[in-house]
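Below is one structure, written out as structure tokens; the observations come after it.
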Ligand SMILES: [Zn+2]
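Residue numbers (the working numbering): 292 to 468.
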């Protein structure tokens, strides 16, 4: 385990405890003495993802996490939300009890969850996953979202712009007329 601060590969475990189906270890880097945390979990069994070109690839949690993280970049989500979301999706995938899952099925689950979590992240993820080729596809996705969910963001979602910013924008628009 490489230290995230200095890259040293030596660390000592200073605390470890069970959390859910894993073990949380508090480590201290032997190089720079910084403390960091690692999680160890049981790999239930191998799950393969069937990609669009029909190739198989072992399910990779980090890849899923990376995609979701990118969609949620700079979104005001409470710390730990994304990890929890990925945990839930991973659990759901293993619970299906299948050896292989099409990547589209995973994408659909992610879309479903993001729709409940944050509409901006949802649209961002959709634009990559559904491979929007232009602004028309983007508009369609936004329109569908508005039709099914209305303009109100999911409970807990913070606005894209603060009320103050909206007021300033409104004033500018009025002045231009
Ligand atoms: Zn270090």
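We treat Cβ as the ideally placed atom computed from N, Cα and C, and that holds for glycine.
A quick note: this is a predicted structure, and the numbers were derived from the prediction, not measured.
Residue j beta carbon less than 9 Å from that of residue i
i, j, result
"residue 338", "residue 389", "yes"
"residue 361", "residue 415", "yes"
"residue 383", "residue 445", "no"
"residue 356", "residue 409", "no"
"residue 313", "residue 336", "no"
"residue 350", "residue 400", "no"
"residue 307", "residue 317", "yes"
"residue 370", "residue 363", "no"
"residue 359", "residue 377", "yes"
"residue 469", "residue 402", "For the chain, the structure presents residues 292 to 468; residue 469 sits outside this window and is missing."
"residue 299", "residue 321", "yes"
Range covered by the beta strand (DSSP E) that runs through residue i
i, result
"residue 306", "302-310"
"residue 316", "313-320"
Exposed unless 16 or more other CB atoms sit within 10 angstroms - verdict on residue i
i, result
"residue 412", "buried"
"residue 417", "buried"
"residue 405", "buried"
"residue 305", "exposed"
"residue 297", "exposed"
"residue 302", "buried"
"residue 426", "exposed"
Continuous alpha helix (DSSP H) stretch holding residue i: start and end
i, result
"residue 391", "Run containing residue 391: none in the alpha helix (DSSP H); it sits in the beta strand (DSSP E), 391-393."
"residue 329", "Taken as a continuous stretch (DSSP letters only), residue 329 belongs to no alpha helix (DSSP H), being part of the beta strand (DSSP E) at 326-332."
"residue 442", "Premise fails: residue 442 is in no alpha helix (DSSP H) and is neither H nor E."
"residue 416", "410-420"
heavy atom of ligand 2 below 8 Å from residue i C-beta
i, result
"residue 324", "With respect to small molecules bound, the structure shown includes ligand 1 and not ligand 2."
Closer than 8 Å is the cut-off here; do at least three beta carbon pairs connect the stretch 342-349 with the stretch 310-328?
no
What are the complete beta strand (DSSP E) segments, minimum 3 residues, inside the stretch 339-385?
Listed in chain order, they are 339-341 and 347-349.
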